[in-house]
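Engineer:
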Amino acid sequence: MTTPTLGEQASALLTHVAGFVAHRTIAMGLRNGLIGTLSVAGRPLSADELADRLHLDPFYVAVWCRAALAAGVCDRGGADAGLGGRYELAAHVGTLLLDAGHPGYAGGVFTVLELPEVFDRFEGSLTDGARMWWDDCSPAWIEGVAGTGAPFYTRLLASGFAQITGLAERLDAGCVVADIACGSGAGLVRLAAAYPRCTLVGVDGDRHSLELAARRCDDAGVGDRCTLVHGPLEEFTLPEPATLVINNISMHECRDIDRVAENVRRSLEPGGWFVISDFPFPDSVEQLRSVPGRVMAGIQFFEAQIDDQLLPRQCYDDLLRRHGFGDPASMQLSPVHAVTYARTVPASVTSASATAQAPAMAHSQP
Ligand SMILES: C[S@@+](CC[C@H](N)C(=O)[O-])C[C@H]1O[C@@H](n2cnc3c(N)ncnc32)[C@H](O)[C@@H]1O
Numbered sequence: 002m003t004t005p006t007l008g009e010q011a012s013a014l015l016t017h018v019a020g021f022v023a024h025r026t027i028a029m030g031l032r033n034g035l036i037g038t039l040s041v042a043g044r045p046l047s048a049d050e051l052a053d054r055l056h057l058d059p060f061y062v063a064v065w066c067r068a069a070l071a072a073g074v075c076d077r078g079g080a081d082a083g084l085g086g087r088y089e090l091a092a093h094v095g096t097l098l099l100d101a102g103h104p105g106y107a108g109g110v111f112t113v114l115e116l117p118e119v120f121d122r123f124e125g126s127l128t129d130g131a132r133m134w135w136d137d138c139s140p141a142w143i144e145g146v147a148g149t150g151a152p153f154y155t156r157l158l159a160s161g162f163a164q165i166t167g168l169a170e171r172l173d174a175g176c177v178v179a180d181i182a183c184g185s186g187a188g189l190v191r192l193a194a195a196y197p198r199c200t201l202v203g204v205d206g207d208r209h210s211l212e213l214a215a216r217r218c219d220d221a222g223v224g225d226r227c228t229l230v231h232g233p234l235e236e237f238t239l240p241e242p243a244t245l246v247i248n249n250i251s252m253h254e255c256r257d258i259d260r261v262a263e264n265v266r267r268s269l270e271p272g273g274w275f276v277i278s279d280f281p282f283p284d285s286v287e288q289l290r291s292v293p294g295r296v297m298a299g300i301q302f303f304e305a306q307i308d309d310q311l312l313p314r315q316c317y318d319d320l321l322r323r324h325g326f327g328d329p330a331s332m333q334l335s336p337v338h339a340v341t342y343a344r345t346v347p348a349s350v351t352s353a354s355a356t357a358q359a360p361a362m363a364h365s366q367p
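Position 204 (the sequence shown) corresponds to 205 in our numbering; numbering is contiguous.
(1) Are the beta-carbon atoms belonging to Leu-192 and His-253 less than 8 Å from one another?
(2) So, with DSSP's three-state summary, where would you put Leu-15?
(3) So Gly-78 and Pro-45 are in contact, right, with Cβ under 8 Å, and what is the actual spacing, rounded?
(4) Give the range of the alpha helix (DSSP H) segment to which Tyr-317 is assigned.
(5) Let me make sure I understand the geometry here. Which of Thr-38, Leu-189 and Gly-130 has the alpha-carbon closest to that of Leu-245?
(6) Is it the case that the CB of Leu-101 approaches a heavy atom of ligand 1 more closely than 7 Å?
(7) Report the start-end ranges of each alpha helix (DSSP H) in the segment 173-199 that is 4 residues or longer and not cut off at the edges.
(8) What does the alpha-carbon distance come out to for the pair Pro-59 and Asp-225?
(9) Could you tell me how far apart the beta carbons of Val-202 and Leu-168 are, in whole angstroms, since I believe they sit closer than 8 Å?
(10) Using only CA atoms, which one of Phe-153, Thr-96 and Gly-130 lies nearest to Leu-334?
(11) Assuming Glu-89 is part of the beta strand (DSSP E), what are its boundary residues?
(12) Below 8 Å between beta carbons: does that hold for Ile-250 and Asp-220?
(13) Going by beta carbon distance, what residues of the same chain come within less than 6 Å of Val-146, once the five residues before and after it are set aside?
(14) Helix or strand or just coil, what does DSSP make of Pro-271?
(15) In whole angstroms, what separates the C-alpha of Ile-307 from that of Asp-137?
(16) Could you check whether the Cβ of Pro-197 sits closer than 7 Å to any heavy atom belonging to ligand 1?
(17) Taking 7 Å as the cut-off, is the CB of Ser-210 close to at least one heavy atom of ligand 1?
(18) Quick check on Phe-21: buried or exposed, where buried means 16 or more other Cβ atoms within 10 Å of its Cβ?
(19) For Gln-358, which residues from the same chain have a beta carbon less than 8 Å from its beta carbon, with the 5 sequence-adjacent residues on both sides left out?
(20) Looking at the secondary structure, which residues open and close the alpha helix (DSSP H) in which Ile-165 lies?
(21) Assuming Leu-211 and Leu-234 form a contact by the criterion Cβ under 8 Å, report the distance between their Cβ atoms to the nearest whole angstrom.
(22) I need the DSSP call for Gln-333, collapsed to helix, strand or coil.
(23) Going along the chain, which residues of its own chain have a beta-carbon closer than 7 Å to the beta-carbon of Val-18, five neighbours each way excluded?
(24) Using the C-alpha atoms, what's the distance from Asp-284 back to Ser-365?
(25) Since Gly-186 and Arg-208 should fall inside the 8 Å C-beta cutoff, what is the C-beta to C-beta distance between them, to a whole number of angstroms?
(26) Give the single residue among Leu-127, Ser-126 and Glu-118 whose Cα lies nearest to the Cα of Ile-143.
(27) If you compare alpha carbons, which of Gln-310, Arg-295, Ile-247 and Val-337 is closest to Ala-1?
(28) Assuming Asp-219 is part of the beta strand (DSSP E), what are its boundary residues?
(29) Between the Cα of Thr-139 and those of Glu-115, Asp-309, Leu-157 and Pro-336, spot the shortest distance and give me the residue it belongs to.
(30) With DSSP as the reference, label Met-362 as helix, strand or coil.
(31) Measure the C-alpha to C-alpha separation of Pro-367 and Glu-304 and round it to an integer number of angstroms.
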């Protein structure tokens, strides 16, 4: 590796400042309806028009518009030239930042990263390393996380399950599906809507999240097909064996992933699937320095406070093998989303090949 010049280093550091400015601009635009209003305006708006529609200060909105233009979030539209002019959302920005049902939705991550649970509380606990858990988090955090988890479910439903041989047919025919670490139930609702013949079980250790899940399922009219179970994933019991157990962006959080994997294996019918959908944490410095790697490095600030870290995807291959699942397979659904899956095998084969006594994995990270 060649040593960068001082000028190159300065430029690299300033890029981070520019990214911070763009991030704050986008999050502010989402929270205050600036991006939403531009997306439905139907024509480019001047800063004054945008301010007028939102009852905001015109001068401040002009400042925001210029920063959004600088960040590439907005383009200048209409006949007026110059930095004043009129503004419209740049291509695809509306989809990526506002369409929570789109597989590429990324709007949630901007607002969630600005909540105190990520950087502020971490920095405040830098001396004592105080830990917390989900029941110490604000309702805004719980809701925000549901927004960041949504595209993971979307991608599973849109293209992930179809790549797992035989699974889509079972889901269409109807079976029991468990979403373990279901959080506030966004995934349960999506699964129930996509597979109307399935019954669902949501398991989570956080009572507040489960209350939200119950309300969300009822509001969506699928409450009669969803059972909610409160408790740690290390100890849960399902009302009946499941055909599919999924865990979305939560497996890395488990205090004892070996006990969870063993529990999942016991909860599945013979030939049932365990699908682990998670952030694939980089296992090399080069990957860590990529854009997805840097985003995941940011997520680690929250994870540290609940006493875990994201894991390299390969850890889940080892985990599933240790617990007697058949050969694990994997797929990458986005730069920050990998899926690892395997089926249980009949009990006679499992007892011969399982090596559940193997030691817990080490968290290998750069
Ligand atoms: C990142 S959220 C994900 C929620 C949901 N799957 C989603 O994608 O929106 C993690 C959830 O896992 C739950 N959780 C983490 N570790 C757990 C454990 N060991 N037992 C039970 N629940 C756990 C938390 O309570 C929280 O609701």
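Every residue, glycine too, gets a C-beta built ideally from N, C-alpha and C.
Structural biologist: To lay it out plainly:
(1) no
(2) helix
(3) 3 Å
(4) 315-323
(5) Among Thr-38, Leu-189 and Gly-130, the Cα nearest to that of Leu-245 belongs to Leu-189.
(6) Contrary to the premise, residue 101 reads as Ala rather than Leu in this sequence. No, ligand 1 has no heavy atom inside 7 Å of this Cβ.
(7) For the segment 173-199, whole alpha helix (DSSP H) runs of length 4 or above, ordered along the chain, are 187-195.
(8) When the Cα atoms are used, Pro-59 and Asp-225 turn out to be separated by approximately 49 Å.
(9) Actually they are not in contact, since the Cβ atoms of Val-202 and Leu-168 sit about 17 Å apart, beyond 8 Å.
(10) Nearest C-alpha to Leu-334 among Phe-153, Thr-96 and Gly-130: Phe-153.
(11) Segment 87-90, the beta strand (DSSP E) holding Glu-89.
(12) No, the Cβ-Cβ distance between Ile-250 and Asp-220 is not below 8 Å.
(13) none
(14) Reduced to three states, the DSSP call for Pro-271 is strand.
(15) 10 Å
(16) It does not: the Cβ of Pro-197 is nowhere closer than 7 Å to a heavy atom of ligand 1.
(17) Yes, since a heavy atom of ligand 1 falls inside the 7 Å radius drawn around the Cβ of Ser-210.
(18) exposed
(19) Unreliable positioning characterises Gln-358 in this predicted model, as indicated by a pLDDT of 40, which lies under 50. The coordinate reading is nonetheless provided below. Nothing listed; no residue qualifies.
(20) From DSSP, Ile-165 is part of no alpha helix (DSSP H); its letter is neither H nor E.
(21) The pair is not a contact, with the Cβ atoms about 13 Å apart (cut-off 8 Å).
(22) strand
(23) Within the same chain, no Cβ atom closer than 7 Å to the Cβ of Val-18 is found once the five residues on either side in sequence are excluded.
(24) Annotation note: pLDDT 42 at Ser-365 (below 50); position unreliable, no value reported.
(25) The distance from the Cβ of Gly-186 to that of Arg-208 is about 13 Å, inconsistent with a contact at the 8 Å cut-off.
(26) Selected option, being the one with the closest Cα: Glu-118.
(27) Because the chain spans 2 through 367 in this model, residue 1 falls outside it and cannot be assessed.
(28) Unbroken run through Asp-219 is the alpha helix (DSSP H), 208-220; no beta strand (DSSP E).
(29) First, the amino acid is wrong: residue 139 is Ser here, not Thr. Of Glu-115, Asp-309, Leu-157 and Pro-336, the smallest CA-CA separation from Ser-139 is found for Glu-115.
(30) Because the pLDDT of Met-362 is 36, which lies under 50, any placement of that residue in the model is unreliable, and the question is left without a value.
(31) Residue placement at Pro-367 is flagged as unreliable, the pLDDT there being 47, under the threshold of 50; the coordinate-derived value follows with that caveat. C-alpha separation (whole angstroms): 16 Å.
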